[in-house]
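Whatever position you read off the sequence shown (first residue = 1), add 67 for our numbering.
All residues carry an ideal CB built from backbone N, CA and C; glycine is no exception.
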Amino acid sequence: MINETVDIAKTYQWSYHIFETQFAEISFNTKHDDKLYGVCFSPPKCEPVCFTFLSTGKLCGLIAFSAFGKSTKPEEIAMLKGVSTKTQFAGPDAHILVIQVLRYISKKYLLDFSVIDEGEYWETGDEKILLETFSRYNQMLDMVYYGIKHFEKKQEETIEDYFKRLMDHIQKKREEGEGK
């Protein structure tokens, strides 16, 4: 799996990082060693896509491992499952490629693998739905950016109150736009 993932990353000239490649001993109990196994790759403007695992065989992302890998607290250990990747700033074409890689690697190497894709491309393969989702998220980000830049904080306002007022204003503007 690691070699094929690296080959894909090289083909697209994506950066990648190889972690440990051989499990010393796979133990499917709840205790893991302090190592991460597998590979991550990063398309431009995209968070890393990780096929990384704990010594227990569970899929675990780099950020979760960095934050909670040494924890002994059950609620933090529970965070050590699954991975997530934001493709929003990489664009729809990169999103499609990431989904294609996930589909290929998961079919060939992974058991009990599922994806939650906010763009719904994993589930539908429908590029139109994906483009509409990207457009909607980009519009929301633009509204927040515009609001922060042009919507001044009142002197007596806490930062929390400011953002609540800003979000209420943005929501009102969205509703006015949808009503046209």
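Query	Result
Selected residue, minimal CA-CA separation from Arg-232, among Glu-242, Gly-244 and Gly-214	Gly-214
Closest by C-alpha distance to Leu-126, when choosing among Gln-167, Ser-181 and His-84	Ser-181
Tyr-79 versus Asp-101 - alpha carbon distance	31 Å
Whole-angstrom distance between Ile-75 and Tyr-83, CA atom to CA atom	10 Å
Alpha helix (DSSP H) runs contained entirely in the region 91-155, provided each spans 4 or more residues	129-135 and 141-144
Segment limits, alpha helix (DSSP H) that includes Ser-181	Counting along the chain, Ser-181 falls outside any alpha helix (DSSP H), and DSSP gives it neither H nor E.
Selection from Ile-163, Leu-147 and Glu-219 that minimises the alpha carbon distance to Ile-121	A small fix is needed here, since residue 121 is Leu in this sequence, not Ile. The option with the nearest alpha carbon to Leu-121 is Leu-147.
Asp-104 versus Met-234, Asp-160 and Thr-123, residue with shortest Cα-Cα distance	A small fix is needed here, since residue 104 is Tyr in this sequence, not Asp. Nearest option by C-alpha distance: Thr-123.
Counterpart residues of Tyr-83 in DSSP-defined beta bridges	Phe-108
Same chain, Cβ closer than 7 Å to Phe-118, five either side skipped, listed in chain order	Met-68, Thr-72, Gly-105, Val-106 and Ile-172
Under the three-state DSSP convention, the category Phe-218 falls into	coil
Supposed close pair Glu-185, Thr-200 - CB separation, criterion 8 Å	6 Å
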